[in-house]
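First comes the structure, then the notes that go with it.
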DNA sequence: GTTAGCACTCACAGCGTTAGAGTGCTAAGA
DNA sequence: TCTTAGCACTCTAACGCTGTGAGTGCTAAC
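As structure tokens, then:
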């Protein structure tokens, strides 16, 4: 069933009214506010239709109407007009998303912070995924006879480290140096999956040659790149979400905080959003993300100019200022991408 | 004014009763529970004295009594009996505080997690302070012509990195290698303050000799170790604190979360606790930590066997199961120290 | 010094009432 | 056929009232 011009306009009024006030919207309010002069009674008829179609519902008989998840969905998909940022808003984001002499991690953290501050919701940044990163440098530091610290730098300048445990004692310093050189020469510029397959291929080849050093090098690097590195998500401004009236319910508050703490479902969502292009809007329903019912998530990817690295966004109540937040998330992602672009290669 | 045996016992009953139930404790309850058989009326007289001395007060006329910050302070200082951990509790902590092939950061994070899980409050771990760490290894990775990534490994295996921006372009790979070797030879085993003064001394000396390479090396390392590295604090189990009834008040909840987010006041407190020996108990009063009014913090230091590295602990409402948490924090700190001890040197 | 007794206070829960907002329905008008 | 005015109805939230129970402070007797 299609929505005609009028019902569309009324749905729009309900969603925006509810977003603005937080109170259920009644027919009188809409009748007044509306350009197309209609009486409350007519509005009520349309509202009844909209309710039947599942776009809105009312908390109780004598309350106004509130958008459902389906209503929000429809709103963002077809009605929403993204407003452009004011120059001062742009500037505020720019100031925080410059690389300067910061580490990539810090840049991402600042991006999360500015998103949270400007939206008054919670900012999320999915750090560059391990599988998406490109090898730049590896380094081995012996900790004691059996424990070897491996430091790995990706093309985007992110430093990760891991510890590998030896069966027999660690090679000598000069041997380690040779191993380091060999790996840096061989693997530089490859993505992690490429690194993995290269290692496997080399290992096959090595078996015949029996060079102990190269063998060691390959074995070490296999241990490093084997298994998933856990993805990290930066969460900024959780306190903001506490101030939202929709989280005055203790049980609900707890659920969302547990979700923040586990990070797993957030990572999944952010990861999923990475498949897509441009700004994505997720609207919380019981089905999609259990713990984040009643929340919405707006995300966009950031790149290094060539490939997608990760995604960033804002999570808040479904009653969210979409038009503003979408613009912010979009612009922030652009700036982060730009900053990281200047950092690679050359 | 001294507290006699009886008032002591009654104060004890009030504090423990309130900790157990969360409800103000009345004279009848105490009169029943008490070994020294006293009537409610007598208890009331004593309670009036205790109130006058500022150890307890009542939320309103017809409610029981609740300990004040001073009351808690007195309780933990003179009455509190630390109970020892059960074998199964010990085991649970041990399982999570083993180093195995984990990174130091992960070990600390797990320590925070187990503290939060077992106490049902929030676990805090102050990561090894930059100034307290000992130099183990440094490494330079060029990012582009002007940006140099510096990776620094401390004796305790913690990896930190920083970016330094060059005025002119970065030295060649072989020069960098020489610089790296020079610094690793010169600085290994020194604490950061020692590193700083050594660099300064060498720089003085160098001025005469004019060796470009050494000059570069010193200049780079000066940039790295100059300025404070920001201290990091690991916070685990914030959701737990939401479940505490004392944080049902929105305004208060917000304050404490803001404090968690800023981390600054937490770091200050944890840092202060590092001066002292053994388990420390801080009881929130408006004066000491503004944002954490009504909270208590129990901390202990962890070491690497030789020197204090950082501190860890639990933050929760002042109405806290002190006897249990003190034991837990103490044991966890011991285990972490032990794990880190096995990791250094040799 | 201790205790029993008593009057008093206060928070809290339950209850009925009222005001206000908003609805659905119906019938009249365009 | 669509739109609107009118009306009865429903439900929530706020208010005030009351009774109850817990706990206190005071006083007088032991």
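Residue numbers (the working numbering), protein chains in the order written: chain A, 3 to 348; chain B, 3 to 348. All C-beta atoms in this analysis are idealised placements derived from N, C-alpha and C, irrespective of residue type, glycine included.
By the neighbour-count definition (other C-beta atoms within 10 Å, threshold 16), residue 170 of chain B is an exposed residue. Not a single C-beta of chain A is nearer than 8 Å to the C-beta of residue 291 of chain B.
Here the stretch 240 to 253 of chain A does not lie against the stretch 101 to 117 of chain A, with fewer than 3 beta-carbon pairs under 8 Å apart. For residue 254 of chain A, the uninterrupted alpha helix (DSSP H) segment begins and ends at 252 to 264. Residues of chain A whose Cβ lies closer than 8 Å to the Cβ of residue 250 of chain B are, in chain order, 252. Residues are counted here when their Cβ sits less than 9 Å from a Cβ of chain B; for the stretch 38 to 72 of chain A the count is zero. Judged by their CB atoms, residue 235 of chain A and residue 269 of chain A are nearer to each other than the 8 Å cut-off. A Cβ of chain A is located within less than 8 Å of the beta carbon of residue 259 of chain B. Setting aside the 5 residues that flank it on each side, residue 282 of chain B is surrounded in the same chain by 275, 301, each with a C-beta closer than 6 Å to its C-beta; the list follows chain order. A distance below 8 Å separates the beta carbons of residue 13 of chain A and residue 73 of chain A. Any Cβ of chain B closer than 8 Å to the Cβ of residue 297 of chain A would place that residue at the interface, and such an atom is absent. Here the C-alpha atom of residue 75 of chain B lies approximately 20 Å from the C-alpha atom of residue 124 of chain B.
Here residue 153 of chain A carries a strand assignment [DSSP, helix/strand/coil]. Beyond the five residues adjoining it in sequence on each side, residue 189 of chain B comes within less than 6 Å, by CB distance, of 137, 197 in the same chain, given in chain order. Rounded to whole angstroms, the Cβ separation of residue 70 of chain A and residue 58 of chain A is 6 Å, and the two are in contact under 8 Å. Taking the Cα positions, residue 317 of chain A is about 11 Å away from residue 328 of chain A. By the neighbour-count definition (other C-beta atoms within 10 Å, threshold 16), residue 183 of chain B is an exposed residue. Inter-segment contact for the stretch 158 to 168 of chain B and the stretch 220 to 231 of chain B is present: three or more beta-carbon pairs are separated by less than 8 Å. Across the stretch 103 to 131 of chain A, CB contacts with chain B closer than 8 Å involve 103, 104, 105, in sequence order along the chain.
Of the candidates A:85, A:23, A:37, A:86, the residue whose Cα lies closest to the Cα of residue 66 of chain A is A:23. Against chain B, the CB of residue 244 of chain A has a partner CB under 8 Å away; the residue lies at that interface.
Going by C-alpha positions, residue 237 of chain B is about 5 Å away from residue 126 of chain B. Taking 8 Å as the CB threshold, residue 151 of chain B lines the interface with chain A. Counting only runs of 4+ residues, the alpha helix (DSSP H) found wholly inside the stretch 95 to 167 of chain B occupies 106 to 121, in chain order.
DSSP, reduced to helix, strand and coil, places residue 315 of chain B within a strand of the structure shown. Secondary structure remark: continuous alpha helix (DSSP H) runs of at least 4 residues inside the stretch 200 to 225 of chain B: none found. Contact annotation: in the stretch 153 to 186 of chain B, residues whose CB is within less than 8 Å of a CB in chain A are 153, 155, 159, 161, 163, 164, 165, 166, 167. DSSP lists no beta-bridge partner residue for residue 33 of chain B.
Contact between residue 207 of chain A and residue 172 of chain A is ruled out by a C-beta separation of about 25 Å, above the 8 Å threshold.
In the DSSP annotation of this structure, the continuous segment of the beta strand (DSSP E) that includes residue 238 of chain B starts and ends at 235 to 238. Here residue 233 of chain B is buried: its Cβ has 16 or more other Cβ atoms, across all protein chains shown, within 10 Å.
Here DSSP, grouped into helix, strand and coil, assigns residue 304 of chain A to strand. Against chain A, the beta carbon of residue 241 of chain B has neighbours under 8 Å at 256, 259, 260, 262, 263, listed in chain order. Residue range 282 to 285 is occupied by the beta strand (DSSP E) that includes residue 282 of chain B. A residue is called buried when at least 16 other Cβ atoms come within 10 angstroms of its Cβ; residue 133 of chain A does not meet this threshold and is exposed. Around the beta-carbon of residue 214 of chain A, fewer than 16 other beta-carbon atoms lie within 10 Å, marking it exposed.
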